[in-house]
Amino acid sequence: MAANYLSISAVCTVLSFVGLHCCTELSLEKLISDGLIGEISIHSGNAGHALELLLGSYTTIALLVNFALNIFILLILCLKTIFFAELYPSETRKLVERLINYVIYKGTFLPVIVPPTIFQAGLWSTWLTVLCSLKMFQALGRDRLERLNASPSATPWTYFRVYSVLLLVICIDLLGIRMCLEIYRTSSSSMFILLFFEPLSVAFETLQAIVVHGFQLLDIWLHHSAENSTNCQRSKLFDISAAGSLSEWKGILIRNLGFFLDMMTLLMALGHYVHIWWLHGMAFHLIDAVLFLNIRAYQRIY
């Protein structure tokens, strides 16, 4: 089933590229025939003017967005196949529930505070899509790693393959935070502070999962190496150290660092809603009631 979705996505991506290429060629021919641009200007420094005229067409913009969306979906399916192969039915059900809840709780408030311009709509839609994808991959990784923890046949390589998705998520998330910082420096608008809350929340949650499951990966590797006769001497050395100091400071680190990261995640979630509330204004409307209920829900969770 995963291969079928991947094949369909690849075909749709190719078709969208062909459609975009044909539309671009036809638009260029029309612009040249109308005398708006010359053939020489396309290959010279005036190519920016030709690009500006092409992007003035809503059809070209729609095809470009469709092509970018198809590439993104293809990339997501490829990453899912690499890290998870097939998803279990329970994982698929949880993924759909989390996706719906995330869009409802995060995406529905943006139209209230974001100016209705093409640039703002594209920026915040991209922001929401990327963060939603990171959040879903992180949740899938944690679910699959917890499933592997309960499986006695889990090998270090199988565990590390799923564990790698957490490393990928934190790297992309840190890169996204850096880009958000550049956007904020360029605009200097208080609205763009909203860009930071959710990426930081994802970073704290992912760091907690990396620490917890990193120690579990180490335990699985030690157990696997202990069963390997060729690594008998090395496993004894690790068993001596792991039985004493490792197990002691591991529990302390997971407990204290986990509490700190949980609190930081809570603060980022509350900051997200409070900042939306501040940008929207303190007048009591329906959205204010929804924001207040979401804040109360986070207080009950923690």
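Numbering (my numbering), first residue to last: 524 to 825.
Note that beta-carbon positions come from the ideal geometry of N, C-alpha and C, so glycine has one too.
Because the structure is a prediction, the values reported are computed rather than measured.
- Taking the CA atoms as reference points, residue 688 sits about 20 Å from residue 616.
- Take residue 629, set aside five residues on each side of it, and no residue of its chain has a beta-carbon closer than 6 Å to its own.
- By the neighbour-count criterion, in which a residue is buried when 16 or more other Cβ atoms sit within 10 angstroms of its Cβ, residue 658 is buried.
- Counting only the Cα atoms, residue 725 lies some 27 Å from residue 532.
- Look at the beta carbons and you see the region 677-697 touching the region 728-746: at least three pairs across the two are nearer than 8 Å.
- In summary, residue 553 is exposed, with fewer than 16 beta-carbon neighbours lying within 10 Å of its beta-carbon over all protein chains present.
- Residue 590 sits close to residue 540, with the two beta carbons spaced by under 8 Å.
- In its chain, beyond the 5 residues on either side, 661, 689, 692, 693 and 696 have a beta carbon closer than 7 Å to the beta carbon of residue 729.
- With 16 or more neighbouring CB atoms inside 10 Å of its own CB, residue 699 falls in the buried class.
- By the Cβ-count criterion, residue 720 is buried, with 16 or more other Cβ atoms from all chains shown falling within 10 Å of its own Cβ.
- Taking the CA atoms as reference points, residue 647 sits about 48 Å from residue 748.
- Inter-residue distance for residue 612 and residue 625 is about 20 Å (C-alpha atoms, whole angstroms).
- The region 600-660 is shown to contain whole alpha helix (DSSP H) runs of 4 or more residues at 612-625 and 633-636, in chain order.
- Taking a contact to require three or more Cβ pairs closer than 8 Å, the region 794-801 and the region 707-718 qualify as touching.
- The beta-carbon separation of residue 734 and residue 780, rounded to 6 Å, stays under the 8 Å limit for a contact.
- Residue 655 places its beta carbon less than 8 Å from that of residue 622.
- The beta carbon of residue 732 sits closer than 6 Å to the beta carbons of 665 and 689 from its chain, once the five residues preceding and following it are set aside; these are given in chain order.
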